[in-house]
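Going down the list, the sequences are from chains C and R. Just so you know, the first sequence maps onto residues 1 to 728 in the UniProt record's numbering. Just so you know, the second sequence maps onto residues 1 to 728 in the UniProt record's numbering. Virtual Cβ for every residue (Gly too), placed ideally from N, Cα, C. Owing to the predicted nature of the structure, the values given are computational and were not obtained by experimental measurement.
Protein chains: 2
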Amino acid sequence: MNLQTHLVKTISGLCLLFTLLVINPAQAQQATWIWYPGDYEIWLANDMQNRRTERGAFFPPFWRMDSHYVLIDFHKEFNLAKPEEVELYAEGQYNVKLDSKMLPGTPTKVTIPAGKHKLNIKVHAQDKVPAIFVKGPTIVSDSTWLVTFEDKEWIDETGKVSGQSGTAWLKAGSWNFNDPNNLPSKFKLATEPWKAAKVTRQPGSILVDFGKETFGFVKLQGLKGKGKVSLYYGESQEEALATETGETLDHLQVDRPQAVDMVLPGSRAFRYVNIQFDNTVNIGDVSMLYEYLPVADRGKFRSSDPELNKIWDVAAYTLHLNTREFFIDGIKRDRWIWSGDAYQSYLMNYYLLFDSPSVTRTLLAQRGKDPVTSHINTIMDYTFYWFLGINDYYQYTGDKSFVKQFYPRMQSLMEFALNRRNKNGMVEGLAGDWVFIDWADGLSKQGEVSFEQLLLCRSLETMALCANIAQDQEGARRYNELAAELKAKLFTTYWDQNKHALVHSRVNGQPTDNVTRYANMFAIFFDYLNAGQKQEVKQHVLLNDKVQKITTPYMRFYELEALCAMGEQDYVLKEMKDYWGGMLKLGATSFWEKYDPNEKGAEHYAMYGRPFGRSLCHAWGASPIYLLGKYYLGVKPTSPAYATYLVEPDLGGLEWMEGSVPTPKGDINIYCSQKQIKVKSGEGTGTLRFQSKNKPSSKGNKITAKGNNTYEMFIEKGKEYVVAYTAK
Amino acid sequence: MNLQTHLVKTISGLCLLFTLLVINPAQAQQATWIWYPGDYEIWLANDMQNRRTERGAFFPPFWRMDSHYVLIDFHKEFNLAKPEEVELYAEGQYNVKLDSKMLPGTPTKVTIPAGKHKLNIKVHAQDKVPAIFVKGPTIVSDSTWLVTFEDKEWIDETGKVSGQSGTAWLKAGSWNFNDPNNLPSKFKLATEPWKAAKVTRQPGSILVDFGKETFGFVKLQGLKGKGKVSLYYGESQEEALATETGETLDHLQVDRPQAVDMVLPGSRAFRYVNIQFDNTVNIGDVSMLYEYLPVADRGKFRSSDPELNKIWDVAAYTLHLNTREFFIDGIKRDRWIWSGDAYQSYLMNYYLLFDSPSVTRTLLAQRGKDPVTSHINTIMDYTFYWFLGINDYYQYTGDKSFVKQFYPRMQSLMEFALNRRNKNGMVEGLAGDWVFIDWADGLSKQGEVSFEQLLLCRSLETMALCANIAQDQEGARRYNELAAELKAKLFTTYWDQNKHALVHSRVNGQPTDNVTRYANMFAIFFDYLNAGQKQEVKQHVLLNDKVQKITTPYMRFYELEALCAMGEQDYVLKEMKDYWGGMLKLGATSFWEKYDPNEKGAEHYAMYGRPFGRSLCHAWGASPIYLLGKYYLGVKPTSPAYATYLVEPDLGGLEWMEGSVPTPKGDINIYCSQKQIKVKSGEGTGTLRFQSKNKPSSKGNKITAKGNNTYEMFIEKGKEYVVAYTAK
């Protein structure tokens, strides 16, 4: 079986799987644990983000962590044909009201009579999120229930309820806790036992190599005796052996007269574990429990280039490792939810997992609650990426409900940002604002940085889009106006005719001479530049080695995206092979936080002034997934939720490629060689666009010539199209 | 020993006690548990307010409950003459930084070198409030430590800390947890065992009478057997016997082969307990654990009228029962923190306990956190009482630190209220606003109610005062201006020349005909009326039986205060004896939520449409404490913290009275008969003002005639003054 037929089989299998998995909202009678929307996400994020340790010390975030509301009222009105008994479960103390009358005690079952009735459940919990699970023949707890943190149901002296509460009710939040015994507060990621690849024993020490970067709980098997055991974790062997300077470790005091298998309580990132122990202690074997979020790959990519396939595989593994309770930055060190990092994970996710709950969990955890006292993660650019993340989320999923529910939180965050503009209507770093942009030597953050204005402008466009969805016409008008004003200012302020580029910043009223890649590359794929300007930027910035080079995969993501958007797939393919291939040649089993080909040996592991400070498994290292899906397989939505979409394959010099791009309700499968394109889609109405040196043909399907060797063909859902053509 | 000498002895004893108890801030080296200010109060209030039950069902509040910040950084800078080792304790996970460098692991001790150093401790806890306790020879955790929920200490790529964080640091909050093992999260009120006064046994039932209203945990002694036990609590015997309609109960399923003493887990309010049990169960004796906040009476009152003395005692007991984790409304039912109720408790507190932590705990719990989404307790008037409570708190205690720390929360609450004004600049009930005023039949809440504008006006004056303390000059100017505008409008809008009063409201632009007591009586003691208007209001409203009578002790408080402020102590004394004496004649052992002398028998127990809905131990029933202290003993501060004060005794027809009024640093003791006044004060510089028919004398002290039979004399701290005079 060649790769191609294997892939087709896999795709067929996946299609069946996803048909089973997709929930039809109209039929949904699946009872699930529900809560105040956003609260569980905040609670779980607090738990996860406070698990970071540095050499055994607790190392929490430096921004505000919010809390769930501790007292929530859940309700729904029903119209029953016949009476039904429902089971009630709650996380926390609770009471139950039927038609606004409180039932005695704490009922675990209640019978709802036939006819119109209203069921309220009010829950209090401080240590966990108030949540309920309700299950009856037709009545179930799901996202159609309404929730509030203040029901304002006061009574007057006669006992009459106010009835004019002015309370805002939201739809309940949920995830996938579909069993009453599967308590949200007890959530754990899945684990599976993994064996070591290589174990090297010496007296009082064991060095274990798990063969590749991994994450989980080390298991000491046959542990016996009394004494000290220390575990030094390493993403590299050098780090595991550097007991004084490695980033993570665990010290145990063991007292086990009988041999036991002990699983370490904290999950760590590592490939190597260096275990040092007293000679009064015996350790049998060492293995681990690999910890992961069970979410299947829906995106696929294979090509004629084995190195590129390896890059795709390692990128996919890197993204999986960083897709956990939330999309995190990297598995060794922070394990925090950084908005700029997560934003890229969202985009990759749309081409690999299409796991929307992971996107919304992460967006909600980042946003937290009002009042806004800081930028997200304290970083100005990261506030703006949050808005961009919602823009993309809506484009890829079409989820209006999310936008409507959280539009008020979008508004208050945007007001925070707008209130920090200077007299020119531009943002610059005030006290407490971290202007990040990128890790780059000597990068100036002073004054009005063009890149930040660009992100604000796009965020304002996002607000206008969401205001329309939330039916806030006045807001839409205002945000559109602010965006248009700022967009005009971008060009009058930063565009330098001589440099053919946007300059980096304006300081003390004077545009600087400095040209950096950041604003310029974003301006391309935001489509803020006209065609001429794009060409100027391509030549004078993107392809100009005199402009400071980007060394993080983080910003390489956008640089390569900009080049792809300019049709430079051939060039980008070489860059990918150089850059990600370069990491592979150094033995990378996951992609790094930063890679500089000029560095040597253990220099690759250093960062933040620490010899092993660098993360060797960082989500932003996985961008080839996104680039290959969007710009080589060439699939992207042209209206929300893939109602319409474009398939514009570009081999970029490959002989052939094939793959699958997930959409909300199905996958789009593509095969493309120099002679043939095959497309089959489970979703929406697509346009296949391609270039051919001669007139292409597709049995019985109409192909329209668009001039300049470009052709288009409509793609209907469910039908397989085969096009014969000759690649340019 | 007559009452008078007994009192003097008691006072001397108390003075000694308080000398020992008073902490001198300059010397304070008392280590205490500290937290983010306001957070412990919110957490403890959530715990307390969610303990309400109604016939066994959990009955939480209907307003938003906030949470503590789950991640807090505590720090302090020290300059040590020599190194010292300090012990560290924390509630939650924590790390320790010395001079911004994180120490490994979780240190329980740290040595601070000599010289200038900075110690940071960062704590995370979700289920309880992050708190620390630090104790060394000179270094201790106290309110001089600084805290924040976002330290914003990001690092750049080289590991350098930002150093320009823009973080707001507050002074740490604390209470009295002065021992490392006395954990704030484990707080419990004190208990002591109380015996029953009378036990009536029948087969399968025991009726216990504890002799008076009380609060605590019932203890079933010698409990044995298997079966059901039900406890029906009653503030009255009728309620305890009304097993179907009483307000509180507990059902137990007992299975005790051996006789045990069982303390019920929930604290309840009761005088009577009706215990019903299966014949398979044996109960030996029944007693209880009385639960209370250990805080001593500093205020005292005795007079020639035994009934008045009884009123004072029962009022004091009523206030004690309702002074718990916080000042609550009543002990049987809500046990919630109602701002209007608490406001009165604050005032009584200044004349009985002078327990400032109870005031600030309650103010902070009520206020919660931003954003403001509702009035306090959802009630418009209750928002305003919160501001008034701070005004009084500052007057009585002079605590500028509290005002400075929480001025931002005052601002945001005031903005909420101001944003709800209508086009006339007046407040009226919008959706979600409960306009309460009083429990009174047919009382209109429609339109622009004069009473609400009056409270808003006083709140704005409070904001102006506090703005000056917080050095917000612009705010002070604005609030003063808004207050002056509104005050002027009060008279142009509501003052009715023909009715000699402020009318109740304006509806649809038309002042109503209705005159009620509320706005008029507040306008007197707010001193908003001129002397002529005061007399008009006194005659045409306060002493006019045609104006709807007040039936709640809640509003009686203000009505009688207004009359006292007009010199009607003789009249008010009779009213007190009628009203509170009336409750005593019905057997009250604590004062009620509502008393209507026209009601008969069990009618007195009904409210809210429920036969035992009324609370028979309600804080607002204890107002004689305040009236007797402020308007009979006649003591009140004339500048913050009793730096200056007035003593203006008024016998109101009594032959003699004597008592003690607490101040921040000492007590003011007064004896007053028709012939003699004795004053001794431990605080400030006072003015004794009194009326005498003939020329008074005081050995060696200068008495100044002020005309109209009024005399004044200065009172210096620590000296006893005896004045011979002849009462008017």
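Please classify residue i: is it buried, with 16 or more other beta-carbons within 10 angstroms of its beta-carbon, or exposed?
i, result
"S660 of chain C", "buried"
"T111 of chain R", "exposed"
"T138 of chain C", "exposed"
"S505 of chain R", "buried"
"L587 of chain C", "According to the sequence displayed, residue 587 of chain C carries Gly and not Leu. Burial call: exposed."
"T512 of chain C", "buried"
"T148 of chain R", "buried"
"Q258 of chain C", "exposed"
Measuring CB to CB, does residue i end up less than 7 Å from residue j?
i, j, result
"P83 of chain C", "A57 of chain C", "no"
"L289 of chain R", "F217 of chain R", "yes"
"K489 of chain C", "D66 of chain C", "no"
"M414 of chain R", "E448 of chain R", "no"
"K116 of chain C", "E91 of chain C", "no"
"V537 of chain C", "N520 of chain C", "yes"
"A240 of chain R", "Y272 of chain R", "yes"
"F525 of chain R", "Q344 of chain R", "no"
"W33 of chain R", "F177 of chain R", "yes"
"D341 of chain C", "D329 of chain C", "yes"
"S304 of chain C", "W580 of chain C", "no"
"Y394 of chain R", "P640 of chain R", "yes"
"T248 of chain R", "R268 of chain R", "yes"
"G653 of chain C", "D570 of chain C", "yes"
Counting only the same chain and skipping the five closest in sequence on each side, list residues whose C-beta sits under 6 Å from that of residue i.
i, result
"D255 of chain R", "K226"
"L21 of chain R", "No answer about L21 of chain R holds up, because its pLDDT of 39 lies below 50 and its placement is not dependable."
"F436 of chain R", "I379 and D381"
"E77 of chain R", "K118"
"I376 of chain C", "S339, Q366, Y382, T383 and W386"
"D285 of chain C", "Q221"
"V372 of chain R", "S412, L413 and F416"
Looking only at its chain, what residues have a beta carbon closer than 8 Å to the beta carbon of residue i, apart from the 5 residues adjacent to it on each side?
i, result
"K198 of chain C", "V208, D209 and G211"
"D438 of chain R", "Y518, I550, T552, Y554 and M555"
"E307 of chain C", "K577, G581 and L584"
Kindly indicate which three-state DSSP category residue i falls into: helix, strand or coil?
i, result
"L183 of chain C", "coil"
"D578 of chain C", "helix"
"Q405 of chain C", "helix"
"G159 of chain R", "coil"
"E720 of chain R", "strand"
"R517 of chain C", "helix"
Residues in the same chain with beta-carbon distance under 7 Å from residue i, minus the five sequence neighbours each way, listed in chain order, please.
i, result
"T462 of chain R", "F387, L388, I390 and N391"
"S165 of chain R", "D151, K152 and E153"
"Q548 of chain R", "A440 and T516"
Contact check, residue i vs residue j under 8 Å by CB: the rounded distance?
i, j, result
"A606 of chain R", "G613 of chain R", "6 Å"
"A190 of chain C", "P294 of chain C", "5 Å"
"W145 of chain R", "H75 of chain R", "7 Å"
"L352 of chain C", "G299 of chain C", "4 Å"
"L103 of chain R", "K97 of chain R", "7 Å"
"M48 of chain R", "E325 of chain R", "5 Å"
Open item on the list: To be precise: take each residue of the segment 299-324 of chain C, compare its Cβ to all Cβ atoms of chain D, and keep it if any distance is under 7 Å. Which residues remain?
Closed with: Within the model displayed, chain D is absent; protein chains C and R are what it includes.
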